[in-house]
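As structure tokens, the structure follows; a few thoughts come after it.
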Amino acid sequence: MKAKFFIMSFILLFITLSAWAIDTRQVESEQPQQSEPGLAKIVSEVDETPQEAIAQRAKGFLLKGEVKTMTANTGKIVGHDFSNWSNPEGLYKGFQYLAAVGMMVGVNGARDDSPQALKDMYPWSYRPHPQNPDTSYWWGPTVSESHFDRTNNVINADWMPIFNHRGRLHSGLVTAWEVPEYQTYAPINDQTPVLATSDKPITWPTGYYDEFGDWINSPQGPYADLTDDEKAIVDSLRAQYNEDDEIWHIWPGPWARDPNPNSPTFNQEVPGAFFSDVDIFMAFNDRWAIRDVDSKQGYSMGVEVQTSGFSYGRSFAEDILFFPVKIVNKSNELGIIEQNRRFVE
């Protein structure tokens, strides 16, 4: 009965779009200052080959509670990788209860033989023909998910990490095998970079997006050598100093929010406070959802997904993983884009 409760709790909490739990333990910092919401830091572009997109991939580990999993910035919240049993995927007290949990987003669409009324309702499905891009074709509906074709064991992920995920949402400086805590689960010599993880500042990027969406590199050098403006930046962003590389790492995701309705900062982010014992953060979009084995179906909707993962070791939530999700319609930036088909045979 407890296992059934756990599974239902995971599913319900996965689709929850907000979380109110707060970890009041603070990261070491100077005086607190108000910051912009972390989810506003995301900037996406499309100008790459599939190989360049794949190089942005990373994985994260949520291991603090009784339920454990590895997750990735490819829309794979919980996977079932038969080729690699060493990754924890939906484990609860050592047993796998969840074979797969992934992000799915779809839109309706019209086909060539659809009534004109449907074509008027779904104009986005009128797109360049796959064999003759000088003409257009009604593609019908589409769905983006973790793996969109398994024909003849061909598995192409429709979700890809957002452009520049490596370096701007995770540092890429540490791999799964280099973290002793992960070696129980990670494949031997696993060189996959680790997603930004709250208790491992070296995984955080060395920069941030400002309020205009421009990327700003972190200050360099110890705190005592920084200018007053640089000190204000690292204080407000709760940056963590990397003595080996002499640079500051900045958390790319959202901070926990003040849950006290009587507080003057109620529902505002609390810089330096995480939601759980371990938070991870990632973002992915469907700009590469154009590689179906059937070339006449499947296209990018211009959807970006920004999600965190929360793992608790405390008894009240040790049986639950939280994945608050923010879905952003960026179709003006990413949708109706066909230029990447030049890379697809």
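Counting from 21, one number per residue, gives the positions in the sequence shown under the working numbering.
Glycine included, C-beta positions come from ideal geometry on N, C-alpha and C.
Looking only at its chain, what residues have a beta carbon closer than 8 Å to the beta carbon of residue i, apart from the 5 residues adjacent to it on each side?
| i | result |
| --- | --- |
| Thr-195 | Asp-210, Gln-211, Thr-212, Pro-213, Val-214 |
Where does the unbroken alpha helix (DSSP H) through residue i begin, and where does it stop?
| i | result |
| --- | --- |
| Lys-350 | Looking at the DSSP string, Lys-350 is not in any alpha helix (DSSP H), and its letter there is neither H nor E. |
| Glu-165 | Glu-165 -> no alpha helix (DSSP H), and no H or E assigned at all. |
So what does DSSP say about residue i, is it helix, strand or coil?
| i | result |
| --- | --- |
| Ile-236 | strand |
| Arg-186 | helix |
| Gln-136 | helix |
| Val-290 | coil |
| Trp-197 | helix |
| Ala-252 | helix |
| Ile-74 | helix |
| Ser-156 | strand |
| Tyr-228 | strand |
| Pro-221 | helix |
| Met-123 | coil |
| Tyr-332 | coil |
| Tyr-261 | strand |
| Tyr-112 | strand |
What first and last residue would you give for the beta strand (DSSP E) that runs through residue i?
| i | result |
| --- | --- |
| Asp-299 | 298 to 305 |
| Ile-97 | 96 to 98 |
| Tyr-146 | 146 to 148 |
| Thr-89 | 87 to 92 |
| Phe-81 | 79 to 82 |
For residue i, which residues of its own chain have a beta-carbon under 6 Å away from its beta-carbon, when the five flanking residues on both sides are left out?
| i | result |
| --- | --- |
| Lys-139 | Ala-130 |
For the ligand COA, any of its heavy atoms closer than 7 Å to the Cβ of residue i?
| i | result |
| --- | --- |
| Val-348 | The ligand COA is absent from the structure shown, which contains no ligands of any kind. |
Bridge partners for residue i per DSSP, in chain order?
| i | result |
| --- | --- |
| Val-323 | Asn-349 |
| Leu-215 | In DSSP, Leu-215 forms no bridge with anything. |
| Pro-181 | Phe-304 |
| Phe-342 | Phe-330 |
Going along the chain, which residues of its own chain have a beta-carbon closer than 7 Å to the beta-carbon of residue i, five neighbours each way excluded?
| i | result |
| --- | --- |
| Gln-288 | Arg-277, Asp-278 |
| Ala-259 | Ser-238, Trp-268, His-269, Ile-270 |
Of all Cβ atoms in chain B, is any one closer than 8 Å to the Cβ of residue i?
| i | result |
| --- | --- |
| Gly-192 | Here there is only one protein chain, and chain B is not present. |
Could you tell me whether the segment 121 to 128 touches the segment 86 to 101, where touching means 3 or more Cβ pairs closer than 8 Å?
-> yes
For the segment 236 to 255 and the segment 153 to 162, state whether three or more C-beta atom pairs, one from each stretch, are separated by less than 8 Å.
-> no
Counting pairs of Cβ atoms below 8 Å between the segment 292 to 308 and the segment 324 to 336, do you hit three or more?
-> yes
Within the chosen definition, does the segment 331 to 348 reach the segment 181 to 192 through at least 3 CB pairs nearer than 8 Å?
-> no
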